[in-house]
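Residue numbers (the numbering used here): 967 to 1018.
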């Protein structure tokens, strides 16, 4: 089984998490782990996920 890790750091905007999960779905993947954090002071979205 192949696995992939995705680390994301970008400005916080609506729909980012939907795009991340859609990426796995379109590529026939399965999300095993996903964590997210928003720095409201800097308006930065951080996300780490892994899947197969």
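Every residue gets a Cβ at the ideal spot worked out from N, C-alpha and C, and that includes glycine.
Just so you know, these numbers come straight off a predicted model, no measurement behind them.
Item                                                                                                                             : Value
Going by other Cβ atoms of all chains shown within 10 Å of its Cβ, with 16 needed for buried, is residue 1018 buried or exposed? : exposed
In the DSSP output, what is residue 1015 paired with across the bridge?                                                          : 972 and 1000
Should residue 974 and residue 986 be called a contact, given that it needs their Cβ atoms to be closer than 8 Å?                : yes
Starting from the Cα of residue 1012, find the closest Cα among 983, 997 and 990 and give me that residue.                       : 983
In this structure, does DSSP put residue 978 in helix, strand or coil?                                                           : coil
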